[in-house]
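Since the structure comes first, as structure tokens, the remarks are kept for the end.
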Amino acid sequence: MARPMEIYLCTACEGVAPQWVGRCPVCGQWNSLVATVRRDAMAAHPGALCAAVPLRHVGSDASLPVPTGVTEFDRVLGGGLVAGSVTLVFGPPGVGKSTLLFQVLASVAGSGAVVVLASAEESLSQVSGRAGRLGAVPETLLALDGHDVAAVEAAIIRHSPALVVVDSVQTVADDQLPGAAGSLAQVRACVERLTRLGKSAGVPVVLVGHVTKDGDPAGPRAVEHLVDTVLSFDGDRHHALRVLTAVKHRFGPTGEAGIFEMRDDGLRAVPDPGPLLLGDRMAGIPGSVVIPVLQGRRPLLVEVQALLGPGAFGARPHSSGIDASRVTLLLAVLSRRAAVEVGGEVFVAAVGGISITEPAVDLAVALALASAAQGRVLPADLVVFGELGLAGEVRMVPGADRRLAEAWRAGFTSALVPPSTPADAAPPGMEIRRVGTLTEALNTTIPVWSTVAASR
Ligand code: TYD
Ligand code: MG
């Protein structure tokens, strides 16, 4: 058997160096290398022969998802949690991850099954305080201090629960390893340990992870490849609406979105988010455009607003829910391809605390900016979607039929759509206008823009 071999592992980036040096050759961190015994395949399986087998003779171990009883959560998962699966739920701090998973635990425990919450983010008395606000706590909902991964493993072995939630992956640590909780090496090692045990014990494990807006490289998304399912929980903490989507799902499609409202007594499913998103919309305001966005496969009608302030021309736009650099690009396309100059300080917002990351929002943002700049109102019954290219061309986006059906259901009767949208994508009675370019879109909605553009 090969002798264990020493290597040097960086506590900051998990990079490997064959000998000790003062600075990690991978990430450049000083004094971060520690001696570690190499554990490779030969050491783990001395003398083992690795043989490949015909795939068609290998049975599938796909197990059925088990519903948790939190319907929107189950819907996103394609029915529920699979035994032995590992799910990562990530989102910004304060969005409601702990609340959501507490409700999932309470729901599963409500049927008499033992479930375990390993909480390191909050003390057990804080967890108990929250639990009181969310209703009765079932007797079989067990909680433990989740700072030490070995204690979490021990609880899984002792109770063989129907579900384990670890809140969060950034606060649990393996005290045999160097580095603080939250470092990439610790997060990876703990996720690997819990995954291995969850799979062998057939216990579904749900891990919570925080992400910051800038995307922390040592954050939970760095372990996405280790887990079966990755769910994003998003929303603005100042608004009530929360959207749960599957970013990765080994046991089914990733298209479904779960919509919740954060209330005083926890998260509630929202079957129809329309009134929450468009309920307070004021008609007849320049700079307002409605777009049917897709969250997963689910269409949501979101109002995009633009406003021009008195500040300096050319400053970086302020935006909420829409990427500011995308707004800058759209301002350039408006100016160069449609001769619409948007002066002053630019504010753009997706109303309701929704983040829109899909390019389908481009045309709506461009029209909202032009509408604000010209002080002219777009028709109140119009929705708009389409990606904009740098040449000012309107490009196809997926799900035109689902977007149009949702808009029609909510009472919108016309739509500006990309040129290749098939005629039968719209429900009977809805008027769709295909526009090939931004200029065409501007001229179609408010003909006076053509005169403004031509006179420049
Ligand atoms: P939390 O679940 O702690 O968020 P995360 O785990 O993602 O950081 O909850 C976040 C916020 O939600 C908290 O600031 C208060 C609010 N909240 C409610 O509005 N209603 C409730 O019933 C609960 C439990 C929390
Ligand atoms: Mg939390």
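If you count the sequence shown from 1, you need to add 5 to reach the working numbering.
Quick reminder that beta carbons are idealized off the backbone N, C-alpha and C, glycines included.
Should residue i and residue j be called a contact, given that it needs their Cβ atoms to be closer than 8 Å?
i    : j    : result
G301 : E266 : no
L1   : G263 : Residue 1 is absent from the model: the chain starts at 6 and stops at 461.
L249 : F78  : yes
R417 : V295 : Per the sequence shown, residue 417 should be read as Phe rather than Arg. Cβ distance < 8 Å, so F417 and V295 count as in contact.
L447 : A343 : yes
W399 : P432 : First, the amino acid is wrong: residue 399 is Val here, not Trp. Contact flag unset, no.
L199 : V154 : yes
V132 : V210 : no
I361 : G326 : yes
T145 : A118 : yes
G121 : H62  : Checking the sequence, you will find Val at residue 121 rather than Gly. Taking 8 Å as the Cβ cut-off, V121 and H62 do not qualify as a contacting pair.
L443 : A371 : yes
A136 : G279 : no
L387 : D367 : no
A375 : V345 : yes
Might you give, ordered along the chain, the residues of its own chain that have their beta carbon closer than 7 Å to the beta carbon of residue i, omitting 5 neighbours on each side?
i    : result
G27  : W35, N36
T16  : S37, V39, P183, G184, S188, A190
A405 : V422, T426, A430
S112 : T73, G74, V75
G52  : With a pLDDT of only 42 at G52, under the threshold of 50, the placement of this residue in the model should not be trusted; the figure read from the coordinates follows. Within the same chain, G52 has no close Cβ partners at all.
G89  : G203, K204, G207, V208, P209
E436 : T418, S419
P258 : G83
In angstroms, rounded to a whole number, what distance separates the CA positions of residue i and residue j?
i    : j    : result
R247 : P23  : 47 Å
G357 : L281 : 8 Å
S68  : R255 : 12 Å
G397 : L421 : 15 Å
P304 : R407 : 6 Å
H244 : A320 : 27 Å
P166 : A206 : 9 Å
A159 : R273 : 33 Å
V353 : S324 : 5 Å
G203 : A114 : 18 Å
P97  : R242 : 9 Å
S116 : L110 : 10 Å
C18  : G33  : 9 Å
M47  : A148 : Here the model assigns M47 a pLDDT of 45, short of 50, so the residue's position is not dependable, and the following value carries that caveat. Answer to the nearest angstrom: the Cα atoms are 39 Å apart.
A377 : R80  : 39 Å
A428 : V307 : 23 Å
V170 : R438 : 49 Å
L409 : T333 : 28 Å
L86  : P70  : 5 Å
V315 : L336 : In the sequence under discussion, the amino acid at residue 315 is Pro, which differs from the Val named in the question. If you take the alpha carbons of P315 and L336, they lie about 17 Å apart.
H152 : D180 : 9 Å
K102 : P364 : 27 Å
E445 : E411 : 25 Å
H230 : G434 : 46 Å
H50  : A57  : In this predicted model, H50 has a pLDDT of only 47, less than 50, meaning its place in the structure is not dependable; the value taken from the coordinates is given anyway. Straight-line Cα distance between these residues: approximately 16 Å.
S130 : D172 : 15 Å
V338 : P276 : 37 Å
W454 : Q379 : A caution first: W454 carries a pLDDT of 49, below 50, which makes its placement in the model too unreliable to give a value.
Pull up the DSSP beta-bridge partners for residue i, would you.
i    : result
R400 : E392
L202 : None, per the DSSP bridge assignment.
K253 : V235
W35  : R28
V295 : E308, V388
F95  : G214, S237
I12  : T41
R80  : Answer is none; R80 lacks a bridge partner.
L86  : V71
Using C-beta distances below 8 Å, list every residue in its chain close to residue i, excluding the 5 sequence neighbours before and after it, in chain order.
i    : result
P30  : G20, A22
V174 : L93, V192, C195, V196, L212, V213, G214, P225, V228
A385 : A288, G289
D270 : R138, L139, G140
T41  : E11, I12, Y13, L14
D328 : T362
Ignore the nearest five residues each way along the sequence and tell me which others in residue i's own chain have a CB closer than 6 Å to its CB.
i    : result
V216 : F95, G224
D150 : none
A373 : G292, V294, V309, A311
A186 : T176, A178
V382 : G289, P291
G99  : R242
D233 : S90, V91, R255
L105 : L272
Minimum length 3: unbroken beta strand (DSSP E) runs contained in the region 348-395: 350-355, 387-389
Report the start-end ranges of each alpha helix (DSSP H) in the region 400-445 that is 4 residues or longer and not cut off at the edges. 405-414
Could you tell me which uninterrupted alpha helix (DSSP H) segments, each at least 4 residues in length, are contained entirely in the region 103-145, listed from first to last along the chain? 129-139
Which ranges would you report for the beta strand (DSSP E) in the region 147-190 if only whole runs of at least 3 residues count? 168-172
Going along the chain, which unbroken runs of the alpha helix (DSSP H) with 4 or more residues stay wholly within the region 240-286? 279-283
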